[in-house]
Structure formats: structure tokens, C-alpha cells
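*Asks:* Sharing a structure below in C-alpha cells format, with a few things to ask.
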Amino acid sequence: MEIRMAGVTKTFGEDITALEDVFLNVPKGDFVYLVGPTGSGKTTLLRILNRELLPTRGQALVGEYNLRKLRRTRVCHYRRAVGMVFQDYRLLEDRSALENVAFVLEAVGASRKEAIDRAGEVLDCVGMWRRRFLFPRELSGGEQQRVSIARSIANDPLLLLCDEPTGNLDPQTAGEIMQLLLSINASGTTLLMATHNRYLVDAYRQRVVELKMGRIVRDQERGRYEIDEEL
Amino acid sequence: MRSFRFALRDTVRLIRQSPGVSGLTFLTVLVVFFFVGSSFLLALNTRHVISVVEGELVIQAYLQPKGNLDEVRKKAANIPHVTGVRPISSEQALELLKARLGNQSAAVTLLGENPLPASVEVRVDKASSVAGVARELVSMPQVEDVVYAGKVAEKLARLSRFAEVFSLFLLAFAGLAGALVLYNTIRVAIYSRKQEIEVMLLVGALPGFVALPFVFLGVFWGFTGTVAASLVLGILYKSFVVSVQNTLPFIQLLDNPDLFLKLGIVLVGSGIALSWLCSWFAVERHIAEAMKPS
Ligand SMILES: Nc1ncnc2c1ncn2[C@@H]1O[C@H](COP(=O)(O)OP(=O)(O)OP(=O)(O)O)[C@@H](O)[C@H]1O
Ligand SMILES: [Mg+2]
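If you're matching them up, the sequences are chains D and F in order. Throughout the first sequence, residue numbering follows the numbering used here, covering 1 to 231 in sequence. Throughout the second sequence, residue numbering follows the numbering used here, covering 1 to 294 in sequence.
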């Protein structure tokens, strides 16, 4: 799905401005890194796109959805088309990895068997097949992160929002996850990835959007993690 | 159908997750609906006792010596609120007197000519109608005198009005208590699964789908609680009736199997309806809150 944000500002309370006057167009099928120091507004931008937050000002359009004016059932439809990897994973503590993925599939209408099959499949993709029966508390941070990635892609989303999807992974695993995300992107899914991982951004060159204090300060095709001196 | 099965599985999970809370919920619903049922029975019995007494309220209207019994009977029957008129000719009155005197009935013959007037015995629908009907009767030219228990009728009328209001009040109160208990039970269940609901909504589960297990949970408690309450109430009431019959035989309490069946159906039915409403309301409110973007 195509993203069009125009003049988006998000404030919390009186004095916190998390995003300020953001204009961002992402064509369908694009891959975009969101970079910037901590607190610069990356998560806020993704949460607006997931419709957890409403922009204080400005327009946010994704595909045919105007995120400011969505009725409740439309929100559900929209979210089915969007996958999100949360910075804090948001796994359910009382279910195994497999159930964590399967339940969201069942929640959007898959049969029990379809859900279990598909959940196993995507857990295999992120290298968690052998640990599928373990509970979140029995998994390392990186393993939980991978389950959360599996959950976000299980539904074949048209737009995938990843908030620090490799934050807890070693370089080797991070590279594998990156390959997975790239292959999902190659199949047509628009992908936004907020990251602090300099190595990945520099190794797999894609469009880079840099935020600072809530403003877009750089938008570069095939950019690096930091401003290219040559340019 | 799929989501129905999923929701049922989830409901079972909710119940099993915390057996302590489940047991407590069951007991609370049972007690509350026992209370609802008891107030219902109390209301029914009060009415029953009152209507039995009311049914025994009669007005005796004695005719003038030349009065026409049949005419008075017809007129009396046409007065509103009159449910029955029994004509008693002076011969019949004499017979009744004789019967009452038993072996001394021979004394009656000493009276010579029959001195007893003819009369009509009028029954009315409820105590509050007695005074009005008596006035109507006394205004008839053929009627000489009217005798009725005025004070008793008045008191009874007041009592029956009070009982009606009181029992309605009690019933409403008990129902409200039941609704509150169910509502809060569901709220606790929702609260314990807040995170899960949030995640489900974030991945695009429909609100109805998210709500279903909680609505089922509420209906489950409403149903089991009221069935148990009906059984306990039935058993206790039965033994109560028996002991009342033994100690206070003049009080007639309602006691027929048909009544118990009806009461059970009413209790369980209202339990299901109430729990459905309450849990739906509770979960709907939570979902609306959770889906509101900030
Ligand atoms: N719900 C909230 N209430 C108040 N302030 C908030 C809220 N969410 C975010 N903020 C503020 O908005 C700013 C941007 O936060 P955001 O989470 O978007 O940063 P980020 O770029 O994702 O940072 P990080 O790289 O550490 O994840 C921060 O200053 C943060 O304190
Ligand atoms: Mg963040």
C-alpha cells in the first residue's frame, strides 16, 4: 500500500512534540529505513500508521484509507492489511510461541488447522520452529523478537511496520531477518523499518528517512545510516 | 461458526484460568439470584394470601320484607367489581339457621311464622372495592340493610397495595444487584486479559469476535448460577412450606409443581438475559475505549 503523509504533527499534552510537520510519500512496494536518535519520533510515526495514534494535525493516507476518518470496522480491516513488529514485542505471556502467532490468525478468521499450519510455517522462516512450544518467559530477547516478527508477517500484510526488529539480535541473525524482510518486500509488501542498526542500513542500501526532534531532516534513495560525505 | 468455536474454547480457558475466581463468581451469582427468586416467591405468596382473604370478604344485603329477591340479585350482579352473588331466600335462611343450631333446631318452630329476611351474599374482586359496592347496595330501595366488615376490608386494601409496591421494589433491587455482580465479574475477566484484547485489536480482530468469549463467559455464569439458585430455592422452599403447614396451618402458601417450573424458567431466563446484557455492555465499553486512538 502507498503511504502519503502531509503536514503530520503529533503532540502529547502541551509541551511534547513527537512529530512536527512531516511530509512523507512512500510508493507501493518501497523499502524505507527510519533512522534518527532515540526520542526522535520513529515509533510515533509508525504508531500513527498503525492507527494507534491520531495525528494532531495533518493528513495520513494509506492506500484507500484515510487514517483520520476510519470507522471502527474499517479500522479492523485496515489493521488486517498492516503488520507491525512492536519495539516491545507485545507477546502474550500465557501462550507458547506457536499459539502467539496462531491466535492472531484465528482472530481474523482462519480455522484452527490453517492457523496452526501457517504459524508453524512463519516460525520456521524466522528460525523458531524448534522452540515453537516455549513460552515467552522461556525465550531470550532475540527469540521473542523473532516470534513477534513471525506474528507480523503471518497475515501476509500489504504494509509491514517494523519498530527495531533487530534490536536484540546478533549480527548473524539480524542479517537473516533482514534477508527475510527483503524477500517479503520483494513480493510487493511496502515496508517501513525503524532502526538504529548502522551495519544493516549500510550493508543493505535502501531509501533512508532520518528524523531529528520530530522533523524529517533527510530523505535519501539508497542512503547510509549517516549523511554521506560525498553528497 | 469458526469464530464461535474459537470463542467457546476461549471461554473454557477463561473459566479454567482462575478456578478460585470462578468458584467465587458462581457462588455470588447463586446467592444473588437466590435472593431474586426469594423476593419473587415472597411477592407471589403475599399476593396469594391477600387474595385468599379478599375472596372471603362478603357483603350481606338484607331485603325489605316486600323486596323481590331475583330483581335484587340481578341488580347486584351488574354492579362493577362484583364477582359473585348468592341469593338466600328467607326459607333458605331458616334452613341454614336450623342447620347451625343442630339438635336444638326444634326451637326454631317456636318462632311461628318465619321472621328471617331474604338476603343476597355479594363477593367482590378485591378489598378496595368493598366499600363502593356496599354503598351501591344500600342505595337500592329494595334493600333494607347492608352488613360488611368495613375496617378489615380497608386495612386489607392498604396492605395489598403496600405489598405490591414493596415486592416490586425488592425485585428491582435484587435484579439490580444481580446485574452489578455480573457486570463486575466480566470487568475483572476483561481486566485480567487486557493485554490480549489489545493485541487482538491491534492485529485487526473484529470487536464482536473479541467480545464473544466474554459474553459467553457472562452467559455461562448467568446460566449456571440461576440453575443452581432455582434448585436450592426449590428445595428450601419446599421444606419451608411443609414446616409452615405443620405449625401455622391457617396460612396457605403457594405450593404447586407448576409454580416451581415457571419460577425456574423465569429465573434462568432472566439470568441469561441479564448476564448477556451486562457482559456485552462491559466488554463493549472496554473495546470502544481500547480502540480509541490517542
Ligand atoms: N504516549 C506518549 N506520551 C507522551 N510522550 C510521548 C508518548 N509517546 C512518545 N512520546 C514522546 O515522543 C517523543 C518521540 O518518541 P518515540 O517513541 O517516537 O521515539 P523513537 O524515535 O521511537 O525513539 P527510540 O529510538 O528510543 O525508540 C519522545 O520524546 C517521547 O517521550
Ligand atoms: Mg521507538
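Cβ coordinates follow ideal geometry from the N, Cα and C atoms, glycine included. This structure is a prediction, so every number in the text was calculated from the model and none was measured.
#1: Under the criterion of a Cβ to heavy atom distance below 7 Å, does D:Phe23 qualify as lining ligand 1?
#2: Between the beta-carbon of D:Lys10 and the beta-carbon of D:Leu211, is there less than 8 Å?
#3: Could you tell me whether the Cβ of F:Leu206 comes closer than 8 Å to any Cβ of chain D?
#4: Say the cut is 7 Å; is the CB of D:Ala194 nearer than that to a heavy atom of ligand 2?
#5: Buried or exposed: where does D:Thr190 fall if 16 or more other Cβ atoms within 10 Å of its Cβ makes it buried?
#6: From F:Gly254 to F:Gly208, what distance separates their C-alpha atoms?
#7: Consult DSSP for D:Tyr199 and reduce its assignment to one of helix, strand or coil.
#8: Would you say D:Ala97 lies against chain F (beta-carbon separation less than 8 Å)?
#9: Can you find a CB in chain C that lies within less than 8 Å of the CB of F:Pro213?
#10: Please confirm whether any heavy atom of ligand 2 lies closer than 7 Å to the CB of D:Gln145.
#11: Just to check, is the beta-carbon of D:Asp163 closer than 7 Å to a non-hydrogen atom of ligand 2?
#12: Is it the case that the CB of D:Thr43 approaches a heavy atom of ligand 2 more closely than 7 Å?
#13: To which residues does DSSP link F:Pro87 through a beta bridge?
#14: I believe D:Val201 touches D:Gln220 by the beta-carbon criterion, under 8 Å. Please report the beta-carbon distance rounded to the nearest angstrom.
#15: Of all the CB atoms in chain D, is at least one closer than 8 Å to the CB of F:Pro19?
#16: Decide if F:Glu71 is buried, meaning its Cβ has at least 16 other Cβ atoms within 10 Å, or exposed.
#17: Check the Cβ of F:Val199 against every Cβ in chain D and list those closer than 8 Å, keeping chain order.
#18: So, is the C-beta of D:Cys239 closer than 8 Å to a C-beta in chain F?
#19: Going along chain D, which residues have a C-beta under 8 Å from F:Glu164?
#20: Can you pull the chain D residues whose beta carbon is under 7 Å from the beta carbon of F:Glu196, in chain order?
#21: Give me the Cα-Cα distance between D:Phe12 and D:Leu19, rounded to the nearest whole angstrom.
#22: How about D:Ala115: is its Cβ closer than 7 Å to a heavy atom in ligand 1?
#23: Is D:Phe133 closer than 8 Å to D:Leu98 when the C-beta atoms are compared?
#24: What's the C-alpha gap between D:Ala102 and D:Glu114?
#25: Sorry if obvious, but does the Cβ on D:Gly36 come closer than 7 Å to a heavy atom of ligand 1?
#26: Beta-carbon within less than 8 Å of D:Gly184's beta-carbon, same chain only, minus the 5 sequence neighbours each way: which residues are those?
#27: Against chain F, does D:Val126 count as a neighbour if the rule is that its beta carbon must be under 8 Å from one of theirs?
*Replies:* This is what the structure holds:
#1: For ligand 1, no non-hydrogen atom lies closer than 7 Å to the CB of D:Phe23.
#2: no
#3: yes
#4: yes
#5: Taking all protein chains in view, the Cβ of D:Thr190 is crowded by 16 or more other Cβ atoms within 10 Å, so the residue is classified as buried.
#6: Before going on, a small fix: residue 254 of chain F reads as Leu here, not Gly. Going from the Cα of F:Leu254 to the Cα of F:Gly208 covers about 44 Å.
#7: helix
#8: no
#9: Chain labels in this structure do not include chain C; the protein chains are D and F.
#10: no
#11: Checking every heavy atom of ligand 2 against the Cβ of D:Asp163, one is found closer than 7 Å.
#12: yes
#13: F:Val120
#14: Going by Cβ atoms, the distance from D:Val201 to D:Gln220 rounds to 11 Å, so no, they are not a contact pair.
#15: no
#16: exposed
#17: Arg90, Leu92 and Val104
#18: As displayed, chain D neither begins before 1 nor continues past 231, which places residue 239 of chain D out of reach and without an answer.
#19: The contacting residues do not exist; F:Glu164 stays about 45 Å from chain D at best.
#20: Leu92
#21: 10 Å
#22: no
#23: Between D:Leu98 and D:Phe133, the C-beta spacing is below 8 Å.
#24: 9 Å
#25: yes
#26: Here the sequence assigns Ile to residue 184 of chain D, which means Gly is not the residue at that position. The residues are Ile153, Leu160 and Leu191.
#27: no
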